[in-house]
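These notes concern the structure reproduced below.
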Amino acid sequence: MTTKETFWERKNRLNDDFVVLGSVADPATVGQITAYEKSSGYVFSEDVKDFLVTFGTLLFEVKEEVWRRPKVYDVMPAWKFGYGFFVYGLSKDEETPAWMTFEEKNQEALEYKEKTLGQMFFKKTGNGYRAYTNNGVITIEHDKYDETDIEVFEGNIYDFLIAEIDKLEEDYLEYINEKSST
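Basically the numbering used here = 1-based index in the sequence shown + 2.
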């Protein structure tokens with residue numbers, strides 16, 4: 003299984019067109035994680051707990067001056083809305099935006115489902131797919147309104163996030179190449 007060091011090395015290979023923000027300076031505490039597991043009923047695997055106490059929350063995106071943000075009513079291929087992704091979590095920093103926290107993401111998931119697939123910890127920009135974790139299982143939900151459009155990811159949270167960085171970088175290169183050919 004991939005480690006946080008391998009994940010962070012992969013993050014560091016992104017070029018200057020990418021920005022990564024989060025609560026790395028004030029990640030979650032073990033006490034916060036334990037309290038959240040107890041209140042939510044979710045059980046986090048050791049790799050998820052490791053992510054939370056190391057990174058807390060993260061946001062990956064291509065800088066806006068490089069990848070133009072779609073405007074309301076823009077019509078384009080779905081991948082062009084995916085200029086980044088959010089990794090939700092817990093943080094001891096009181097300045098962490100509520101929309102980046104587990105509690106708010108869990109409430110968001112419960113707005114359209116009576117029972118979630120676990121704790122939502124990941125979302126692709128542009129109302130893209132989401133990923134959930136519970137009891138060591140990562141489940142990807144491609145369409146929040148279609149309960150059959152899901153898949154189980156084989157690997158830990160760091161494997162998942164590296165795969166997402168790879169996809170984001172691939173889309174970025176396609177976007178740049180398309181932009182330069184027009």
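In this text, a Cβ means the ideal position worked out from N, Cα and C, and glycines have one as well.
By Cβ distance, which residues of its chain are closer than 6 Å to residue i, with the 5 residues on each side in sequence left out?
| i | result |
| --- | --- |
| S47 | G138 |
| F83 | P72 and G128 |
| T31 | K94 |
| E172 | none |
| G33 | none |
Step through the CB atoms of chain B and report whether any lies within less than 8 Å of the CB of residue i.
| i | result |
| --- | --- |
| V139 | The structure shown contains no chain B; it is built from a single protein chain. |
For a test of the three-state rule: what should DSSP assign to residue i, helix, strand or coil?
| i | result |
| --- | --- |
| G192 | With the chain represented from 3 up to 184, any question about residue 192 goes unanswered, as that position is not in the structure. |
| S25 | coil |
| G91 | strand |
| E97 | coil |
| T150 | coil |
| M78 | coil |
| M122 | strand |
| E166 | helix |
| N136 | strand |
| N8 | Before going on, a small fix: residue 8 reads as Thr here, not Asn. Correct three-state label for T8: helix. |
| E106 | helix |
| E185 | Nothing about residue 185 can be reported from this structure: the residues present for the chain run from 3 to 184 only. |
Output needed for residue i: all residues of its chain with C-beta closer than 7 Å, excluding positions within five of it in sequence on either side, in chain order.
| i | result |
| --- | --- |
| F162 | A133, I140 and F155 |
| V64 | D19, F20, Y85, G86 and Y174 |
Please classify residue i as buried or exposed, where buried requires at least 16 other C-beta atoms within 10 Å of its C-beta.
| i | result |
| --- | --- |
| N136 | buried |
| Y75 | exposed |
| K125 | buried |
| Q109 | exposed |
| L112 | exposed |
| T8 | exposed |
| M78 | exposed |
| T5 | exposed |
If I measure Cβ to Cβ from residue i and keep anything under 8 Å in the same chain, skipping five residues before and after, which residues do I get?
| i | result |
| --- | --- |
| A100 | E106 |
| H144 | Y131, D151, I152 and E153 |
Quiz prompt | Meets three-Cβ-pair contact criterion under 8 Å: the segment 142-150 and the segment 101-110 | solution = no
Exercise. Flag this pair as touching only if the segment 24-31 and the segment 172-183 have three or more C-beta atom pairs under 8 Å; answer yes or no.
Key: no
Quiz prompt | Secondary structure, alpha helix (DSSP H): runs of 4+ residues fully inside the segment 11-65 | solution = 32-42 and 48-56
Quiz item: Can you find at least 3 beta carbon pairs, one from the segment 14-23 and one from the segment 35-53, that sit closer than 8 Å?
Solution: no
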